[in-house]
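Residue numbers (full-length UniProt numbering): 1 to 503. We put the CB at the ideal spot given by N, CA and C, even for glycine. All of these numbers come straight from a predicted model, not from anything done at the bench. Notes follow the structure.
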Amino acid sequence: MAKAPKLKKNGDSEGPPSKRVKKEIKEAPSNAKENKQKAAPAKSGKSKEIGSEKTVEFKLNPEYTVSENKQMFEANWKHLLPFKHWHFRNFLENSANSVEKLEDELQHFENWNRKENDLYSLYQSEDLQSINKGKYPLIYSFREFLYNDVKKWLEAASGVKLTAKIDCNASCYAKNDHLLPHNDQIGTRKFAFVYYLTEFAWKEEDGGYLQLYDSGEKSRPKDIAKSLPPLRNSFVLFEVHQRSWHRVQEVLGDSPRLSINGWFHSTHKLPIVKLQPKKLEFGKAIRNDMDLHLILDRDILDEIRYAEIAKSFEDRSELMLSNALKLAFYNTLKRKMKRMPFSSVHRPNEQMLEVCPQMKATSAMVLKVLMSSEFEKTVGKMTGLELKDCPRRVQLAKVSPGSYTLLTDGILNQAAKLGNTLDVHLFIWDSDKDEEWNDEWGGFLSYASKGDSEELVRISPQSNGMALVFSEPDVTWFLKYAKSSAKTYYLFTLTYSNIQNDD
């Protein structure tokens, strides 16, 4: 797979900074599992007159140091739901415009990386521990303020002894960027923090809220219980543990969601709760005399093409067949899909998706074809794989804005137990217009291997397209988060497992 090109840095583009941001975001590909690129978020809007001082002394708002408020923090901290958190507004004393000066320096920071995987899409800096004091004096000063003043204040207010270890970096979420549900639990992390440098007029319709989940059995996240706005000069703290599930809502406005964030550490390391995914049920082929010509296009069933298709598949281990279903049947299926009884699979730490547990009439015919021994033989000829007696399963899903699946450890371990697999993905458009899919919308299928950041294969949805992908045991796929701009489509996925492969 070719590597994605690096984005232009701040100084390589012309025009006002706000336009530079939009151009860079547009050019940024969505490479998974994780792809890092150099990019500069740049400044949105007009430059501010912030003075010429090279250094700033950051100070905590005096309101948060007086004894009454300190006692209130200590008393309420333990009872806040859905888990211990606090949202401090007007966190810094700002008589010297320290917030504006820090914002300006951070918006012109050069060392941003574009980060994309199954969990997130955003720009992020490296750890600010190595920040150049001479080049970025304000960022350096704020880091020291966190390391000293804020740490001491937090220890006194929480009663928790913290270590010298503090993780700290800068993050910038552009339009449509997001961070999906996770609990931050790694090693000795004790408190997560976020300091916001967003625009003054941030509104609910701009998205980008920090959303906290309540938890159920085995600390599994359930529903969003609280949404915290990313207010300028506000500071969010929460305690990290098995139930500290949260996400950053997709940014919907044009203004960047700029912050400095990280973790304070303690000596205590919490045990990690391993959440197991739902068990997959596999069946056998339906032995029948199914006539594939009833629904599959004749070009798909042209045996003269099989040798050519098999050679292409052998070289790449994946292929996309266009116009898979007969046009009349495909158009009928599109209409029927709109009335299918889809139900939500609500497991935020694994997936947010709608599936159809019971297929009827037209869609049931597709199911019978996919599960049939005749289709098994046809796919075997196309791929050169022996599929007879291989366990298989079919799922019908509805992909719409907000849909996603994640590559959790449980999902990866489950995939490894399936052995070699062959996925057959059939895409059905919801719209009457068969427009080409734009990967900037997300909603594509991405294959990645356990422990590797390189995207191996990407399958972009295609109206009436049928994709075939062969995977070894340590490789599986995820559905990249479908952004608010994404179109709705339906996805049949047939998976053959435990395939014997001599190669």
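query: What's the gap between the Cα of S322 and the Cα of W437?
result: 14 Å
field: Inter-residue Cα distance where the pair is N97 and Q249
entry: 29 Å
- request: Report yes if the C-beta distance between R232 and L179 is below 9 Å; otherwise report no.
  value: no
message: I'd like the list of long-range same chain contacts for W86, defined as Cβ closer than 6 Å, with 5 residues on each side in sequence excluded.
response: L237
query: Is K368 helix, strand or coil when you go by DSSP?
result: helix
query: If we count the other Cβ atoms within 10 Å of its Cβ and call it buried at 16 or more, is Q107 buried or exposed?
result: buried
- prompt: Under a Cβ-count criterion, where at least 16 other Cβ atoms within 10 Å of its own Cβ denotes burial, should A467 be classed as buried or exposed?
  reply: buried
- prompt: If we ignore side chains and look at the alpha-carbon of each, how far apart do F88 and S234 end up?
  reply: 5 Å
field: T332, DSSP secondary structure in three states
entry: helix
query: Taking Y330 as the reference, which of W429, S158, H425, L102 has the closest Cα?
result: W429
query: Mind checking if Y64 is an interface residue toward chain B, Cβ cutoff 9 Å exclusive?
result: As a matter of chain content, chain B is missing from the structure shown, which is built from one protein chain.
- request: Out of W477, L418, F83, state which residue places its alpha-carbon closest to the alpha-carbon of V240.
  value: F83
- request: May I have the straight-line CA-CA distance separating Q242 from T408, to the nearest angstrom?
  value: 15 Å
- prompt: Closest by CA to T198, which one among K226, Q185, P256, N169?
  reply: P256
Any beta strand (DSSP E) of 3 or more consecutive residues that is wholly inside the region 443-472: 445-449, 457-459, 466-471
field: For L319, the residue or residues it bridges with in DSSP
entry: L468
query: Should A364 be labelled buried (16 or more other beta-carbon atoms within 10 Å of its own) or exposed?
result: exposed
- prompt: Between D127 and the rest of its own chain, which residues show a CB-CB distance below 7 Å, the 5 nearest in sequence each way excluded?
  reply: D167, C168, N169
field: Buried versus exposed, by CB contacts within 10 Å (16 or more), P341
entry: exposed
task: Express the C-alpha separation of T495 and D389 in angstroms, rounding to a whole number.
output: 13 Å
message: Could you check whether T188 and M265 sit closer than 9 Å to each other, using their CB atoms as the reference points?
response: Per the sequence shown, residue 265 should be read as His rather than Met. It is a contact, given that the beta carbons lie within the stated cut-off.
message: Rounding to the nearest angstrom, what Cα-Cα distance links Y64 and I459 in this structure?
response: 51 Å
field: R247 - containing beta strand (DSSP E), residue span
entry: 246-248
task: Could you round the C-beta distance between L370 and K326 to whole angstroms and report it? I think they count as a contact, below 8 Å.
output: Not really, about 15 Å apart at Cβ, beyond 8 Å.
Through-space distance from L396 to N498, alpha-carbon basis: 21 Å
- request: In the DSSP assignment, find the unbroken alpha helix (DSSP H) run with W153 in it and report its ends.
  value: 151-158
task: Taking all protein chains shown into account, decide if Y490 is buried (16 or more other Cβ within 10 angstroms of its Cβ) or exposed.
output: buried
field: Assigned secondary structure, V355 (DSSP; H/G/I helix, E/B strand, else coil)
entry: strand
- prompt: In chain order, which beta strand (DSSP E) runs of at least 3 residues are fully inside the region 86-170?
  reply: 112-116, 120-125
field: Within the UniProt domain "Fe2OG dioxygenase" (161-266), ranges of the beta strand (DSSP E) (whole runs, at least 3 residues)
entry: 166-173, 178-182, 189-196, 210-215, 221-228, 235-239, 246-248, 257-265
- request: Would you kindly work out how many angstroms separate the C-alpha atoms of K274 and E217, rounded to a whole number?
  value: 12 Å
field: Residue nearest to W202 in terms of C-alpha spacing, selected from L162, L252, N183, G159
entry: L252
Residue range of the beta strand (DSSP E) that includes S344: 343-347
- prompt: Among D434, L426, F478, which one has its Cα closest to the Cα of K450?
  reply: F478
message: Tell me the DSSP secondary structure of R392 in three-state form.
response: strand
- prompt: Once you ignore the five residues that flank residue 559 on each side, which residues in its own chain have a CB closer than 6 Å to its CB?
  reply: The question about residue 559 has no answer, for the chain in this structure spans 1 to 503.
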